[in-house]
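Engineer: Numbering (my numbering), first residue to last: 6 to 284. Cβ atoms here follow ideal geometry from the backbone N, Cα and C, with glycine treated the same way. Remember, it's a predicted structure, so these values are computed and weren't measured experimentally.
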């Protein structure tokens, strides 16, 4: 690996920029919306039974778009019941955006929000030091377990915080995705970073080892990577960064690595071609 390649997570601004470009070229949020509409109501059907307040804990809530979708589904299931929504998020910038979103969103009169600017590990440590275990009715960890060093311990801890009829929702990239194939083949040649570990369906094995019951759902999400095959445009640069978790991949990657990736990403194993575009 060329020494000039460095992890995307070493440059927070670049990471946020590439993540936004990923969202604009993917069906990630539409996929989440489909899940919220089709599956979430059944999952949360009993979490608030006989309760005067429903407690929701968001781990890695980001800028809040998905969190507020979840809150609205809980409101629909339990109209008029007070909701206490606490958020654990390590990025102050994301928390600021979350607060802005809450300020301009209607129908949140019965919802209390609290934000904790910390990682899930810091939250866990703080709770254990307090020796006051807060129980929750719904905990969600959406696309965040990649940033946890000890995933089994994290799963065990947050499971211990569940109250009666409570549920945890975990969302990670599928082990059958093109993304997974890319990382299994090329991960050793890309910058490794302590801040991010690649994990997919390994989660189910961890849950089995912990003896925890779970249900799995698969939803299709696509990313339009067509721009990656056109040199000299900003979208290509940002998408390459996000795909490879490498800061300025196009400028720093060895030519042979880039050529192999360009070839592979156009193969049926990694992507599908539709109307001249690759997904």
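Any idea which residues DSSP pairs residue 146 with across the strands?
Structural biologist: If you number the chain shown from 1, residue 146 lands on position 141. Partner(s): 64 and 175.
Engineer: Go through its chain and collect everything with a Cβ distance to residue 7's Cβ below 6 Å, but skip five positions before and after it.
Structural biologist: Mapped onto the chain shown, residue 7 falls at position 2. Low local confidence applies: a pLDDT of 44 at residue 7 is under 50, so the model's placement there is unreliable, with the coordinate-based value given in what follows. Excluding sequence neighbours, residue 7 sits near 259.
Engineer: Compare the Cα-Cα distances from residue 269 to each of 116, 111, 183 and 78 and report the closest residue.
Structural biologist: Along the chain shown, read from residue 1 onward, the residue named residue 269 stands at position 264. With distances taken between Cα atoms, residue 269 lies closest to 183.
Engineer: Would you decide whether residue 60 is buried or exposed? Buried here means 16 or more other CB atoms lie within 10 Å of its CB.
Structural biologist: The residue given as residue 60 occupies position 55 in the chain shown. Residue 60 should be labelled buried.
Engineer: Could you have a look at residue 92 and say whether DSSP puts it in helix, strand or coil?
Structural biologist: Counted from its first residue, the chain shown places residue 92 at position 87. Of the three classes helix, strand and coil, the one that applies to residue 92 here is strand, per DSSP.
Engineer: Where residue 150 and residue 238 are concerned, what is the direct C-alpha to C-alpha distance, given to the nearest angstrom?
Structural biologist: The residue given as residue 150 occupies position 145 in the chain shown. The residue given as residue 238 occupies position 233 in the chain shown. When only Cα atoms are considered, residue 150 and residue 238 end up about 31 Å apart.
Engineer: Taking all protein chains shown into account, decide if residue 196 is buried (16 or more other Cβ within 10 angstroms of its Cβ) or exposed.
Structural biologist: The sequence position of residue 196 within the chain shown is 191, counting from 1. Residue 196 comes out buried.
Engineer: Taking the alpha-carbon of residue 140 as reference, which of 96, 171, 232 and 158 has the nearest alpha-carbon?
Structural biologist: On the chain shown, position 135 is the one that residue 140 refers to. Among 96, 171, 232 and 158, the Cα nearest to that of residue 140 belongs to 171.
Engineer: Start and end of the alpha helix (DSSP H) containing residue 119?
Structural biologist: Position 114 of the chain shown, counted from the start, is the residue given in the question as residue 119. Where residue 119 is concerned, there is no enclosing alpha helix (DSSP H), although the beta strand (DSSP E) it sits in stretches over 116–121.
Engineer: Does DSSP put residue 363 in a helix, in a strand, or in coil?
Structural biologist: With the chain running from 6 to 284 in the structure shown, residue 363 is simply not present.
Engineer: Leaving out five residues before and five after residue 240 in sequence, what residues of the same chain have Cβ atoms less than 8 Å from its Cβ?
Structural biologist: Along the chain shown, one-based indexing puts residue 240 at 235. If we look at residue 240 and ignore the five residues flanking it on each side, its Cβ neighbours are 26, 30 and 232.
Engineer: For residue 159 and residue 221, I'd like the C-alpha separation in whole angstroms.
Structural biologist: On the chain shown, position 154 is the one that residue 159 refers to. On the chain shown, position 216 is the one that residue 221 refers to. Taking the Cα positions, residue 159 is about 19 Å away from residue 221.
Engineer: When the Cα of residue 129 is compared with those of 147, 165 and 43, which residue comes out closest?
Structural biologist: The residue given as residue 129 occupies position 124 in the chain shown. The shortest Cα separation from residue 129 among 147, 165 and 43 belongs to 165.
Engineer: Decide if residue 2 is buried, meaning its Cβ has at least 16 other Cβ atoms within 10 Å, or exposed.
Structural biologist: Nothing about residue 2 can be reported from this structure: the residues present for the chain run from 6 to 284 only.
Engineer: If residue 74 and residue 38 are in contact, beta carbons under 8 Å, what's the gap, nearest whole angstrom?
Structural biologist: Numbered from its first residue, the chain shown carries residue 74 at position 69. Numbered from its first residue, the chain shown carries residue 38 at position 33. In this structure residue 74 is in contact with residue 38, their Cβ atoms being roughly 7 Å apart against a cut-off of 8 Å.
Engineer: Going by Cα to Cα distance, which pick from 94, 155 and 45 is closest to residue 120?
Structural biologist: As a first step, residue 120 is located in the chain shown; it is residue number 115 there, counting from the start. Ranking 94, 155 and 45 by Cα distance to residue 120 puts 94 first.
Engineer: How about residue 40: is its Cβ closer than 8 Å to a heavy atom in the ligand ZN?
Structural biologist: The model on display carries no ligand, and the ligand ZN is accordingly not part of it.
Engineer: Would DSSP call residue 284 helix, strand or coil?
Structural biologist: Counting from 1 along the chain shown, the entry for residue 284 is found at position 279. In the three-state reduction of the DSSP assignment, residue 284 falls in the coil class.
Engineer: Using only the alpha-carbon positions, how far apart do residue 230 and residue 67 sit?
Structural biologist: Within the chain shown, the letter at position 225 stands for residue 230. Within the chain shown, the letter at position 62 stands for residue 67. Cα-Cα distance, rounded: 24 Å.
Engineer: Which of helix, strand or coil does DSSP assign to residue 233?
Structural biologist: Stepping through the chain shown from its first residue, residue 233 is reached at position 228. Correct three-state label for residue 233: helix.
Engineer: If you check the beta carbons only, do residue 214 and residue 157 fall under 9 Å apart?
Structural biologist: What you label residue 214 is simply residue 209 of the chain shown in a count that begins at 1. What you label residue 157 is simply residue 152 of the chain shown in a count that begins at 1. The answer is yes: Cβ separation under 9 Å.
Engineer: Give the range of the alpha helix (DSSP H) segment to which residue 213 is assigned.
Structural biologist: One-based indexing of the chain shown puts residue 213 at position 208. In the DSSP assignment, residue 213 falls within the unbroken alpha helix (DSSP H) covering 207–215.
Engineer: Can you tell me the Cα-Cα spacing of residue 42 and residue 189, whole angstroms?
Structural biologist: Mapped onto the chain shown, residue 42 falls at position 37. Mapped onto the chain shown, residue 189 falls at position 184. Their Cα atoms are separated by approximately 32 Å.
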